[in-house]
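Chains as they are written, first to last, in the working numbering: chain A, 1 to 59; chain B, 60 to 339.
Positions of the beta carbon are idealized from the N, C-alpha and C atoms, including for glycine.
Report on the structure given below.
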Amino acid sequence: MACPHLEYREADEERTFETARAYCTAVDAFVQPMRADICNDRYELDHTTDCEFYRNAER
Amino acid sequence: MSYDDYLAGDPVVITAALTGGVHGKEASPHLPETPEEIADAAEACEAAGASVVHLHARRENGERSFSRERFQELTEAVRERTDLVVQHSTGGTGAPDDIRHEPLRTDPAPDMASLDMGPLNRYQHLTSENTRGLVESLAEEMRERGIKPEMEVFNGGHLNEVHELLDRRPDLIEEPIYTTLIFGGGTTAMPTPDTFRSLVNHLPEGTQFNTLGFGQHQLPFAALGIVFGGHVRVGLEDNRYFRRGKLATNAQLVERAATLAETLERPVATPDDAREILDI
């Protein structure tokens, strides 16, 4: 199951993209594509163990 | 390789690492993500002096993809527009081993492919393991498909792994051995001239080496690579800036490396020169 802090957005206050991109509501920022794989629990990744943003937000 | 190789004036192979798999357009609007954008950048880099292009594939939204199909679409776009030596990445933090083989399975096979020689840390809680088993299985498939490995040495321990692999499996990697020495933060090699000299001094006999500095280290380590008879990798995968505060394009970074090589009186390799130097 994807991270509860993950949203897909086309824009924030500063930038607009043609395609919706992974946005982390825990840090209020678009995230790197590699980090988006963690947000989505793809491959062997798990946001509950692998993401410091999630872990810090859940403390 | 050494300063004597510099004095010999052999051509410098410039590899353009256009996009990578870590950051995307959230980091720089100049970073190409789609096959069309990457082919555009490859064409501009070839004109600027690149002879090898290092490729990662992405999904429609810029996120990572390791699938054969996405690499096929990408490599076709680049091959239609350039004569560059095509190098596919097999890197993939968090991706299962079987998926890491997918970029080797395009038709035609890539001319080269990266081979990460050991573990490296990512973020706060991740490690890209790159076990010996995975490294060997990737090298075996490269050998079967006639793909030249680019052995990526992120630190001194990885150079031990190069020697260990060559000793244990002398059948696996054809000469000339080709390594990329990687300098920066984290688990990459310390970005100092002393570290650079040490790694170069301990390369296997006859190795051709490529030099990669992350971020602000890209330019000075390109210079070191050129002066010590090696080759150079530049591009937005590794460094987003032309100078402090000014974002770069891939072609600008290649053009600067080419100018540096020519200023130091080493010619810039054409794609055919690169094929001859690397025996592709």
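Excluding sequence positions up to five away, which residues of its chain have a Cβ less than 8 Å from the Cβ of Arg15/A?
Phe30
Within 10 angstroms of its Cβ, does Gly108/B collect 16 or more other Cβ (buried), or is it exposed?
Per the 10 Å Cβ criterion, buried.
Within 7 Å of any Cβ in chain B, is that where the Cβ of Glu10/A sits?
no
How is Gln275/B classed by DSSP in three states: helix, strand or coil?
helix
Over the uninterrupted beta strand (DSSP E) stretch that includes Val340/B, give me the two end residues.
The shown model of chain B, from 60 to 339, leaves out residue 340/B, and the question about it has no answer.
Quick check on DSSP: helix, strand or coil for Val71/B?
strand
Distance CB(Pro33/A)-CB(Arg123/B) smaller than 7 Å
Yes, Cβ-Cβ distance for Pro33/A and Arg123/B is below 7 Å.
Proximity test, Cβ basis, 7 Å: Gln183/B and chain A:
yes
My parser needs the beta strand (DSSP E) runs of 3 or more residues fully inside the stretch 194 to 220 of chain B; what are they?
207 to 212
Chain B within 7 Å of Ala46/A, Cβ atoms only:
The amino acid at residue 46/A is misidentified as Ala; the sequence shows Asp. False, the Cβ-Cβ gap to chain B never drops below 7 Å.
Where Thr134/B falls: helix, strand or coil (DSSP)
helix
Distance between Asn309/B and Ala4/B (C-alpha atoms, nearest Å)
Any question about residue 4/B goes unanswered here, given that chain B covers just 60 to 339.
Determine, for Ala2/A, whether the minimum Cβ-Cβ distance to residues of chain B falls below 7 Å.
no
Identify the residues that DSSP records as bridge partners of Arg117/B: which are they?
Arg123/B
Start-end ranges of the beta strand (DSSP E) lying completely within the stretch 4 to 29 of chain A, minimum 3 residues
If we require 3 residues or more, the beta strand (DSSP E) runs fully inside the stretch 4 to 29 of chain A come out as 6 to 11 and 16 to 24.
Is there a Cβ of chain A sitting closer than 7 Å to that of Val291/B, yes or no?
no
Every unbroken alpha helix (DSSP H) within the stretch 263 to 338 of chain B, with a cutoff of 4 residues, ordered by chain
277 to 286, 309 to 322 and 330 to 337
Nearest-angstrom Cα separation, counted from Leu179/B out to Glu188/B:
7 Å
Give a yes or no on whether the C-beta atoms belonging to Val313/B and Ala75/B are separated by under 7 Å.
With contacts defined as CB atoms closer than 7 Å, Val313/B and Ala75/B qualify as a contacting pair.
So, using beta-carbon positions, are Glu44/A and Gly289/B closer together than 7 Å?
no
Between which two residues does the alpha helix (DSSP H) carrying Ala107/B extend?
Pro94 to Ala107
Between the beta-carbon of Pro229/B and the beta-carbon of Gly265/B, is there less than 7 Å?
no
Would Val212/B pass as a contact of Thr247/B if the rule is Cβ separation under 7 Å?
It is not a contact, given that the beta carbons lie outside the stated cut-off.
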